[in-house]
Every structure is written in structure tokens, then in C-alpha cells.
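Residue numbering for the sequence shown follows our numbering, beginning at 11 and increasing consecutively.
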Amino acid sequence: MKTLFLSYGTGPHQAEVQYAVRCLAVHSQLSPADVLVYTDTPDYFDGLSACIQHIPASQWTDWGGPQNFNHRRKIQALQHALQASAGPVLLLDGDTWLRKPLSLLQDRIGPGCGVMHIREGLISAVQSPLYQQLRQLLQSPSGQQAGIPLQSWMWNAGVIGLHPQQLPLLQDVLQLTDLLCRHSSLHILEQLAFSWVLSQRIHLQEAADVVFHYWPPYLHKPFRRKLPAVLTQAGTLPLNRQVQFLYSHRPRPGLARRGKVICKRLLEAVGLLQGYCRSSEW
């Protein structure tokens, strides 16, 4: 199984990808050949224990499609990697870290099955401004062309693991994304397309027990601010201590937040709490 990260352009996401790749070693002893980083800034990742593949800026522009949709590039990059791989490819967002060995996901990815990060909730049920806009889109005359019922499940696309036999499905994901992008600029349109196409065609399973995705802003923003200093400090340590030092700084909920999450889970289990978007902390 190949593990794929993407980094295009310059910015704080580069440090996140570097951090994610370096922290893989805590739980998974992977060959550098099995960890791919597609990037237009290969010099930034020089020395990383991974296969750094230079994808020129012009290719990233092309992968953005007619609407230059940022996350459309994930679909095309995954297509590119699967075409070159004899086995499954696991695409991880840069803002992720491992809870357990990646090998636990191998049995969940095959010709008839795959993984996404977590099943967030029913499109019709999640109460957030973003999901409200999504419902408005799907109920509009233009959005109805997509044919996605509001009672569909939304899956988080921070992790996507597929088998090469599922390559044709990615063309369907791409076409659906382009259709949606013609009528909306919501940033989760590729996630919606992945969720709908894959859930209809293969058996999807969650990867949240193995991969933590720290996209919630209360985790993501503070970590981005401190990450450059953490990476710099790690560089002053002996090599055998760097990975554990980096991993010790991983973004995760504090004790008070974890207590709230436990309460929410209990309320959800007895049907007293509905409409929340599930994430790693759930």
C-alpha cells in the first residue's frame, strides 16, 4: 500500500505535510518508497524519508479544472497515483497524524471496499451553516442535476483509500465535482462527490480509529502557529529522539474538551443529541 500526501504552492501546509510524514514512524515502519509526496516545491522536502515526486505548477493548475477548484486536485492526484500503483493508495491530508499502525487499514481497502476518514452525518441532519448551504445547493434546480438525496451520508475526505480496480469510480467523482462546481464555490464539493459515488459503488469503512484529522479550527489554527518552532526545535535533537518529540506535540483535545465529547457521545447514543458533524474527537 502506498501512502500519498499532497503539497502544492507555498504556505503553512508545507510544514504540516512534513510533520505528518515524519510522525508516520511512530506507529508504522514504512519504506520511503511507499510514502509519496506530490509537490511543486520538492526542495522543501529534501531529506524527508519519502519518495518526493515533482509535479510542476502547470500540472496542478490543470488538475484544478475549469473552475480552478482547489480540492479537485485531490481527485486527479489520486488517479495519477493509482494508475502507477499495483496496490492500494491511501491519500492523507497534511493535517493528520496516526493513532495506530497504517497496516490496520490494509484489510479495509480492496476491489470492493475502501476507506474515508469518518462518516460525518446525514446531509439532511447536520446543523451547521456549511451544511445548510449544501442543502440549498442540492435542492436548487441546478443542484438537483447531481441526483444526490438529502438523506445521503457525508464522509470526511481527509483520508481516502482505494484499490486500483476502483480507478473508473474516480472519473465519476471528477465529473460530479465539475458539475457541482459550475453552480457553487463550497469548499467541500469534492468531498460530497467522493461520498456519494463511493458509498453507492463500494463498501466504505471509517479510518478514524487509525488516523486523527485535526481540521477543527480550535485544533488546527493554534498548531499551525506553533509548528515552525516545533520543527526547528526537533532539528536540534539527536535523530533517534526527533520523531517522538514531534509526536508529543500533536494537536489533540484537552481534558475538558474530551469530557464534553464523552457527554455528547452518551447523549447521541440515547437519541438526545442530533445534528452534529462527527470528527476525530468524536
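Using N, Cα and C, we set each Cβ at its ideal position, and we do this for glycine too. From a predicted model like this one, the values you see are computed outputs, not experimental measurements.
Within the continuous beta strand (DSSP E) that includes residue 170, where are the two ends?
As a position in the sequence shown, residue 170 is number 160, starting the count at 1. Counting along the chain, the beta strand (DSSP E) containing residue 170 begins and ends at 169-172.
Note the first and the last residue of the continuous alpha helix (DSSP H) segment covering residue 273.
Here residue 273 refers to the residue found at position 263 of the sequence shown. Looking at the DSSP string, the run of the alpha helix (DSSP H) that includes residue 273 is 265-279.
To the nearest angstrom, how far is the alpha carbon of residue 193 from that of residue 75?
Working through the sequence shown from its first residue, we reach residue 193 at position 183. Working through the sequence shown from its first residue, we reach residue 75 at position 65. So the two alpha carbons sit approximately 14 Å from each other.
In the DSSP assignment, find the unbroken beta strand (DSSP E) run with residue 90 in it and report its ends.
Here residue 90 refers to the residue found at position 80 when the sequence shown is read from its first residue. Here residue 90 belongs to no beta strand (DSSP E); instead the alpha helix (DSSP H) covers 82-93.
Less than 8 Å between the beta carbons of residue 108 and residue 221, yes or no?
Locating residue 108 in the sequence shown gives position 98, where the first residue counts as 1. Locating residue 221 in the sequence shown gives position 211, where the first residue counts as 1. Result yes, Cβ atoms of residue 108 and residue 221 sit closer than 8 Å.
Taking only the alpha-carbon atoms, compute the straight-line gap between residue 105 and residue 30 and give it to the nearest angstrom.
Position 95 of the sequence shown holds residue 105. Position 20 of the sequence shown holds residue 30. Going by the C-alpha atoms only, they are around 7 Å apart.
Please name the residue, chosen from 157, 27, 163, that lies closest to residue 127 on a Cα-to-Cα basis.
Counted from its first residue, the sequence shown places residue 127 at position 117. Among 157, 27, 163, the Cα nearest to that of residue 127 is on 163.
Going by DSSP, what residues sit across from residue 126 in a beta bridge?
Mapped onto the sequence shown, residue 126 falls at position 116. DSSP, once it has assigned bridges, lists 170, 216 as partnering residue 126.
Span of the alpha helix (DSSP H) holding residue 206?
Within the sequence shown, the letter at position 196 stands for residue 206. Note, residue 206: alpha helix (DSSP H), 199-211.
Starting from residue 15 and walking both ways along the beta strand (DSSP E), at which residues does that stretch end?
Residue mapping note: residue 15 aligns to position 5 of the sequence shown, counting from 1. 12-17 is the extent of the beta strand (DSSP E) around residue 15.
What alpha helix (DSSP H) runs, 4 residues minimum, are completely inside the stretch 235-264?
Taking only runs of at least 4 residues, the alpha helix (DSSP H) segments lying wholly in the stretch 235-264 are 249-258.
Looking at C-alpha atoms only, which residue of 209, 203, 236, 91 is the closest neighbour of residue 185?
In the sequence shown, the residue the question calls residue 185 occupies position 175. The residue with the shortest Cα to Cα distance from residue 185 is 203.
Determine the contact status of residue 168 and residue 223, defining contact as a CB-CB distance below 8 Å.
As a working note, residue 168 is residue 158 in the sequence shown. As a working note, residue 223 is residue 213 in the sequence shown. Against a cut-off of 8 Å, the Cβ pair of residue 223 and residue 168 comes out as a contact.
Put residue 163 into one of helix, strand or coil per three-state DSSP.
Along the sequence shown, one-based indexing puts residue 163 at 153. Reduced to three states, the DSSP call for residue 163 is strand.
Would you mind reading off the limits of the beta strand (DSSP E) that contains residue 140?
The count along the sequence shown starts at 1 and reaches residue 140 at position 130. Segment 139-149 is the alpha helix (DSSP H) holding residue 140; no beta strand (DSSP E) there.
Looking at residue 100: is its Cβ nearer than 8 Å to the Cβ of residue 114?
Counted from its first residue, the sequence shown places residue 100 at position 90. Counted from its first residue, the sequence shown places residue 114 at position 104. Cβ distance not < 8 Å, so residue 100 and residue 114 don't count as in contact.
Who are the near neighbours of residue 245 in its chain, counting only those whose CB is closer than 8 Å to its CB and skipping five residues on each side?
Against the sequence shown, residue 245 aligns to sequence position 235. Cβ within range, chain order: 252.
In three-state DSSP terms, what is residue 221?
Reading the sequence shown from its first residue, position 211 is the one you call residue 221. Strand at residue 221.
Need the endpoints of the alpha helix (DSSP H) that residue 64 sits in, please.
In the sequence shown, counting from the first residue as 1, residue 64 sits at position 54. Residue 64 -> not in any alpha helix (DSSP H); beta strand (DSSP E) instead, spanning 61-64.
Quick check: the Cα distance between residue 95 and residue 174, rounded to an integer number of angstroms?
Here residue 95 is taken as the residue at index 85 of the sequence shown, counted from 1. Here residue 174 is taken as the residue at index 164 of the sequence shown, counted from 1. Approximately 7 Å, taken between the alpha carbons.
Would you call residue 228 buried or exposed, if buried means 16 or more other Cβ atoms sit within 10 Å of its Cβ?
Start at 1 with the first residue of the sequence shown, and residue 228 comes out as number 218. Answer is exposed; the Cβ neighbour count stays below 16.
Grouping DSSP H, G and I as helix and E and B as strand, with all else coil, what is residue 71?
What you label residue 71 is simply residue 61 of the sequence shown in a count that begins at 1. Residue 71: helix per DSSP, three-state reduction.
How is residue 286 classed by DSSP in three states: helix, strand or coil?
As a working note, residue 286 is residue 276 in the sequence shown. Coil, per DSSP.
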